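Written out below as structure tokens is the structure these notes cover.
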Amino acid sequence: SVDYGRKSKLSFAISPSPEVSTAVVEPYNSVLSTHALLEHTDCTFCLDNEALYDVCKRNLSIEMPTYTNLNRLIAQVISSLTASLRFEGSLNVDVTEFQTNLVP
Numbered sequence: 001s002v003d004y005g006r007k008s009k010l011s012f013a014i015s016p017s018p019e020v021s022t023a024v025v026e027p028y029n030s031v032l033s034t035h036a037l038l039e040h041t042d043c044t045f046c047l048d049n050e051a052l053y054d055v056c057k058r059n060l061s062i063e064m065p066t067y068t069n070l071n072r073l074i075a076q077v078i079s080s081l082t083a084s085l086r087f088e089g090s091l092n093v094d095v096t097e098f099q100t101n102l103v104p
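What follows is the structure, given as structure tokens:
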């Protein structure tokens, strides 16, 4: 994108699930936004709402996960993934290394 020049842009996309769906159009919004992600980001991490729901139920023993539970789990995932970008250290990587290591 022209706005950010050479800066790498990360995004986090959450795919909808019928388990926690609030609108019929959620799958359509998800599919239609994919083009914008391809065009305007360098690296996108995809999260599945149903998998997040299952993690809350099975691993965290939350019988009926709420959006607050899901959002807190997502926040932990994003925080963990971006920690090496935010803090100095010899083992930490920059965004270009991040992208290179993700490609098989």
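One point on numbering: in UniProt numbering, the residue at position 13 of the sequence shown is 13, and numbering is uninterrupted. Where is the CB? At the ideal position from N, CA and C, for every residue including glycine. Small disclaimer: the values here were computed from a predicted structure and weren't measured.
Residue(s) in a DSSP beta bridge with residue i
i: A13; result: C46
Candidates the options: closest to residue i by CA position
i: A36; options: Y53, L10 and S84; result: L10
i: H40; options: E63, A75, D48 and K7; result: K7
i: P65; options: A75, T100 and E50; result: E50
i: Q99; options: G89, L32, C43 and T34; result: C43
Span of the alpha helix (DSSP H), counted from its first residue to its last, around residue i
i: N69; result: Y67 to R86
i: T34; result: E26 to H40
Residue i, buried or exposed, once every other Cβ within 10 Å from all chains shown has been counted against 16
i: P18; result: exposed
i: Y67; result: exposed
i: L52; result: buried
i: C46; result: exposed
i: L81; result: exposed
i: S73; result: According to the sequence displayed, residue 73 carries Leu and not Ser. Under this definition L73 is a buried residue.
Integer-rounded CB distance, given that residue j should sit under 8 angstroms from residue i
i: S15; j: D48; result: 5 angstroms
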